[in-house]
Amino acid sequence: MSGHVLPLRVYYSVFGALLVLTAVTTWIAYLDLGAWNTPIALAIAGFKVVLVVLYFMHVRYSGKLIWVAVVASAYWLLILFGFLMADYVTRQPIDGWTAPIAW
Amino acid sequence: MSDSHTTAARGPLDHHFETLEQQNETCSIGMWAFLVQEVMFFGGLFACYIVFRYVYPEAYQWGSDHLDVKLGTFNTAVLIGSSLTMALGVRCAQIGQKGRTAGFILLTMLLACVFLGVKWVEYGHKFHDGLIPGVAWDPGPGAPNGSRTFFGLYFAMTGMHALHMIVGLVLMTFVAVRSLRGRYSPQNYIGVEVLGLYWHFVDLVWIFLFPLLYLLGRHAGGGH
Amino acid sequence: MTTSARPSYLATQPKEDNYLSAGYGVKSWLLTVDHKRIALLYLISLTAFFCVGGMFAVLIRLELLTPQGDLFQSEIYNRLFTMHGTFMVFFFLLPSIPAVFGNFLLPLMLGARDVAFPKLNLLSWYLYVVGGLLSFGAMLAGGVDTGWTFYTPYSSTYANSQVIVSAVGIFIAGFASILTGVNFIATIHKMRAPGLTWFRLPLFVWAHYATSLIMVLGTPVVAVTILLVAIERLFHVGIFDPALGGDPILFQHLFWFYSHPAVYIMILPAMGIMSEIIACFSRKRIFGYKIVAMSSLAIAVLGFLVWGHHMFVSGQSLMAGFIFSILTMLVAVPSAIKVFNWTATLYRGSISMKTPMLYAMGFIGLFTIGGLTGVFLATLSVDVHVHDTYFIVAHFHYVMVGGVVMMYMGGLHFWWSKFVGRMYPEGLARVAAVLIFAGFNLTFFPQFILGYLGMPRRYHAYPEEFQVLNVFSTAGASVLGLGFALPLCYLIWSLKYGKRADGNPENAAGLEWTTTSPPPKHNFHSIPVVTEEAYDYTQREAPGV
Chain A
3 MSGHVLPLRV YYSVFGALLV LTAVTTWIAY LDLGAWNTPI ALAIAGFKVV LVVLYFMHVR
63 YSGKLIWVAV VASAYWLLIL FGFLMADYVT RQPIDGWTAP IAW
Chain B
1362 MSDSHTTAAR GPLDHHFETL EQQNETCSIG MWAFLVQEVM FFGGLFACYI VFRYVYPEAY
1422 QWGSDHLDVK LGTFNTAVLI GSSLTMALGV RCAQIGQKGR TAGFILLTML LACVFLGVKW
1482 VEYGHKFHDG LIPGVAWDPG PGAPNGSRTF FGLYFAMTGM HALHMIVGLV LMTFVAVRSL
1542 RGRYSPQNYI GVEVLGLYWH FVDLVWIFLF PLLYLLGRHA GGGH
Chain C
141 MTTSARPSYL ATQPKEDNYL SAGYGVKSWL LTVDHKRIAL LYLISLTAFF CVGGMFAVLI
201 RLELLTPQGD LFQSEIYNRL FTMHGTFMVF FFLLPSIPAV FGNFLLPLML GARDVAFPKL
261 NLLSWYLYVV GGLLSFGAML AGGVDTGWTF YTPYSSTYAN SQVIVSAVGI FIAGFASILT
321 GVNFIATIHK MRAPGLTWFR LPLFVWAHYA TSLIMVLGTP VVAVTILLVA IERLFHVGIF
381 DPALGGDPIL FQHLFWFYSH PAVYIMILPA MGIMSEIIAC FSRKRIFGYK IVAMSSLAIA
441 VLGFLVWGHH MFVSGQSLMA GFIFSILTML VAVPSAIKVF NWTATLYRGS ISMKTPMLYA
501 MGFIGLFTIG GLTGVFLATL SVDVHVHDTY FIVAHFHYVM VGGVVMMYMG GLHFWWSKFV
561 GRMYPEGLAR VAAVLIFAGF NLTFFPQFIL GYLGMPRRYH AYPEEFQVLN VFSTAGASVL
621 GLGFALPLCY LIWSLKYGKR ADGNPENAAG LEWTTTSPPP KHNFHSIPVV TEEAYDYTQR
681 EAPGV
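Note that the protein sequences, when read in sequence, are chains A, B and C. All you need for our numbering is the position in the first sequence, starting with 1, plus 2. All you need for our numbering is the position in the second sequence, starting with 1, plus 1361. All you need for our numbering is the position in the third sequence, starting with 1, plus 140.
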């Protein structure tokens, strides 16, 4: 659609980066970083997603409308997750109730 | 943009479009709009994941311990590789190399089948270990609260993802055949481009699924 | 009548060449990719499903004539209101205006020959019909009794009814909705005629654009939720069933994340029709065009932030309740802005009370009542008192029937001549409009009172003291039913005996009115070039009565 033909080295570099990041995320998962494990794993995954979106999906070279679509999807996901968790994290414990045993 | 309506053979230009450029851009927007809805579709599953991870943290650590990290990492590499071959296929279509386009698409399909094969093996392991809720559930006495939910979500999410891969395989067959028949050209390769967009999306979902399902219980001790 | 010269692109059109005469026979309809024919296919199937949903309404109102549950057992009554809701919401209201009017008119209003993806359009219709038939089959096999909202764990674990079949039917119809949204977004972005900039678009187009955004962003979430209910039902995973460690409120969150924006999918296109009708029948451009256009987008965005107002008493946290309550107040603002702008358009306009305008006037009154009662319900403390009572039932019927259906009827009358090339009998149509308005109010206003007095919804029996109001309501429903039956009859009658219409009987502005009635198969001989603002009524004289 963009007509912009990317040189092969861009594709191979992104591929290489993605493989390296995959190895890194697996390796880091085995280190005990306490509460940091999750954010780091998500950040690495996020960065991989950005690489795929920008280069493999050509968004870097696409018009504004496509950028809006990408940002809007991320934003709507955040709305879903954010408001959903706003309920769960603010629930008050109920006295005398224990969770049912569920396998 | 509006030139006189050519009545002669319009080639690949559909009757309701004025120019090939308009047709290409429209198809691109159409696929992106579709991908937005796919994001929200998987988003619903991720939302369930987040909620239950918050409520049952031990089950998630226990659950991901029971997943095979080596197979998962291997599969991630395979899928990323398939994204590369797909991107290269689109590039070949952009520069008019019909045979190579089909070749790269077939390579992508091969890698996709490897991925699905590994998943099949993994599912088989889960069956033997009694970790499929509603089908074969016998996790043993140490299973914490919420472990059934974890595996239910595991199968729902990876199953949905696999289903999307199978649909991708069907689409890839279609596009590869069209490419071999010479239907695409550097001015008209939008079919390959939107297939690529779809396939990269499938890759994106797995890029998040992999750490969330396989990796978050790996480190010893607290924090999650 | 028109003071502008006849456009050159109509000069060479033969009289009989139109989309209805371009091919006869079942195959030419069932395999059509013409957006106009697809719109008519939708019109027919929508009418059928409306009748199915209406039949259940009749049975409900018959039961509620007497305080005892004497006509149906409660288990059967549960199925009646569930099927009424399911068919009306998923197979009538949600598709209605976009599928009929959006499909028919968007390409015409944009100066295009068809929507972006004509074959996908046909697929949408087929998916919708298949989904509807599946749900109809589920109904024949005993129906569903969970309420149209399918709350868990009843729907996911304990219900003994056709939950999965029905849910799959809704899933498939939802996919049709998504594809329509994709189609419209691409069409509006890429198929506008030269010179047709965004701010020259009719507000009908803006409304459908905003609606399509909601379709694409919201529907997939309910789709995956339905899937999870089916998975839960089959595999007892423990996502929604508390006995298995799940959370029923999670279902409600996911369900309402879509189902609240869904009501904006219903109302936004109706508001789009409002703008077209009000402009034409007051011979004025819409006051505050840009604000009205932006408010459509605002409703679409804000509509996603308020879903928890359906769950104030369900068990979500109080903090979540506060947040959703405040945000719901906010979403009322753009809707109110539209009502103010339409009213301002009427001011000093040259108003003619033809049938579409009667429906529009009805809309302003009924939608205002429905919308304002929505603000009452947004107030957390009030909602605690009236939730799950007839107050809620009245509120949503005011906005959905008093709003959406009024405009469906209004649009049907406004564009009927464009669709079929014939006029309906104006006198009878006005009578029907008044009957619908009167019958509607008699049916649903008593329900506000009933709800406030404490009559719960979804009950087939009630305390004696509520009977009088219930009898009024059922009487009103009879009038309403008659009101709907009239257009069904005279519109079909007009197909053969109605006066033949010319291209623009009301001398309205808009590209769709520049074609013949019915339009030619490919809409325009050559794509028009647009140089004017929308609603340019300064140069147009009203037609003589």
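The beta carbon of each residue, even a glycine, is placed where N, CA and C say it ideally should be. Note that the coordinates shown come from a computational prediction; the quantities given were computed from them, not determined experimentally.
Can residue i and residue j be called in contact, C-beta distance under 8 Å?
i	j	result
C:Val345	C:Leu250	yes
C:Gly491	C:Ser415	The sequence shown places Ile at residue 491 of chain C, not Gly. Going by C-beta atoms, C:Ile491 is not nearer than 8 Å to C:Ser415.
C:Val544	C:Ala402	no
C:His553	C:Tyr499	yes
B:Val1528	B:Ser1540	no
C:Arg253	C:His662	yes
C:Val453	C:Val515	no
C:His400	C:Gly443	yes
C:Asp387	C:Phe397	no
B:Tyr1545	B:Ala1454	yes
C:Leu220	C:Leu205	no
B:Asn1436	B:Val1482	no
C:Val364	B:Phe1402	yes
C:Gly271	C:Ala299	no
C:Leu208	C:Tyr291	Checking the sequence, you will find Gln at residue 208 of chain C rather than Leu. Not in contact: C:Gln208 and C:Tyr291 (Cβ atoms no closer than 8 Å).
According to DSSP, simplified to helix, strand and coil, what is residue i?
i	result
B:Trp1498	strand
C:Ile379	coil
C:Ser214	helix
B:Asn1549	strand
C:Gly623	helix
C:Leu384	helix
C:Pro154	Any reading at C:Pro154 needs caution, since the residue's pLDDT is 44, under 50, leaving its predicted position unreliable; the model's value is listed next. The answer is coil: DSSP assigns C:Pro154 none of H, G, I, E or B.
B:Pro1505	coil
C:Arg680	coil
C:Thr529	strand
B:Leu1492	strand
C:Pro121	Only positions 141 to 685 of chain C appear in the structure, and residue 121 of chain C is not among them; the question remains open.
B:His1366	With a pLDDT of 41 at B:His1366, under the threshold of 50, the modelled position of this residue cannot be trusted; read the value that follows with caution. Looking at B:His1366 - three-state DSSP - the assignment turns out to be coil, as it is neither helix nor strand.
C:Pro360	helix
A:Arg62	helix
A:Pro9	coil
C:Pro596	strand
B:Arg1461	helix
C:Arg340	helix
A:Arg93	coil
C:Met141	In this prediction, C:Met141 has a pLDDT of 41, which is less than 50 and means its spatial position is unreliable; what the coordinates show is noted afterwards. Note: C:Met141 maps to coil in three-state DSSP.
B:Gly1584	Residue placement at B:Gly1584 is poorly supported in this model, since its pLDDT is 37, which falls under 50; the coordinates are not used for a value here.
B:Arg1589	Given that chain B is displayed from residue 1362 to residue 1585, the structure contains no residue 1589 of chain B and the question cannot be resolved.
C:Arg373	helix
Rounded to the nearest angstrom, how far is the Cβ of residue i from that of residue j, given a contact under 8 Å?
i	j	result
C:Pro668	C:Ala188	Contact flag wrong, Cβ pair sits at about 36 Å.
C:Phe241	C:Trp555	7 Å
B:Gln1398	C:Ile310	The Cβ separation is near 16 Å, so there is no contact.
Starting from the Cα of residue i, find the closest Cα among the options and give me that residue.
i	options	result
C:Ala239	C:Gly225, C:His175 and C:Gly514	C:His175
B:Gly1578	B:Gly1372, B:Phe1402, B:Pro1418 and B:Gly1404	B:Pro1418
C:Gly561	C:Gly335, C:Pro658 and C:Leu445	C:Pro658
B:Ala1537	B:Ala1523, B:Phe1403, B:Leu1524 and B:Leu1556	B:Leu1556
C:Ala326	B:Arg1509, B:Phe1378 and B:Phe1465	B:Phe1378
B:Phe1571	B:Gln1398, B:Gly1391 and B:Leu1440	B:Leu1440
B:Phe1562	A:Val72, A:Leu67 and A:Thr27	A:Val72
C:Val571	C:Thr583, C:Ala617, C:Met540 and C:Met493	C:Met493
C:Ser436	C:Gly358, C:Leu171, C:Ile477 and C:Ile200	C:Ile477
C:Leu512	C:Asp528, C:Pro496, C:Thr529 and C:Ala534	C:Ala534
C:Ile532	C:Thr583, C:Tyr592, C:Phe339 and C:Pro474	C:Tyr592
C:Ala281	C:Ile304, C:Gly412 and C:Tyr294	C:Ile304
Worksheet item: If you measure beta-carbon to beta-carbon, which residues of the region 31-59 of chain A are closer than 9 Å to chain B?
Response: Within the region 31-59 of chain A, contact with chain B at the beta-carbon level (separation under 9 Å) is assigned to Ala31, Tyr32, Leu33, Asp34, Leu35, Gly36, Ala37, Trp38, Asn39, Thr40, Ala43, Leu44, Ile46, Ala47, Gly48, Lys50, Val51, Val54, Val55, Tyr57, Phe58 and Met59.
Practice prompt. Name, going along the chain, the residues of the region 436-462 of chain C whose beta-carbon falls closer than 8 Å to a beta-carbon of chain A.
Written response: Answer in chain order: Phe444, Leu445, Trp447, Gly448, Gln456, Ser457, Leu458, Met459 and Ala460.
Item to complete: Residues of the region 1423-1434 of chain B with a CB closer than 7 Å to any CB of chain A: list them in chain order, please.
Response: Per Cβ criterion, the list reads Val1430 and Thr1434.
Discussion item. Give me the subset of the region 1401-1417 of chain B whose CB atoms are less than 8 Å from a CB atom of chain C, sorted by chain position.
Written reply: Shown in chain order are the members of the region 1401-1417 of chain B whose Cβ falls below 8 Å from a Cβ of chain C: Met1401, Phe1402, Phe1403, Gly1404, Gly1405, Leu1406, Ala1408, Cys1409, Val1412, Phe1413, Val1416 and Tyr1417.
Worksheet item: What residues in the region 355-366 of chain C bring their beta carbon closer than 9 Å to a beta carbon of chain B?
Response: So the close ones are Met355, Val356, Leu357, Gly358, Thr359, Pro360, Val361, Val362, Ala363, Val364 and Thr365.
Worksheet entry | Interfacial residues, the region 73-84 of chain A to chain C, with Cβ spacing under 7 Å | Residues Trp78, Ile81 and Leu82.
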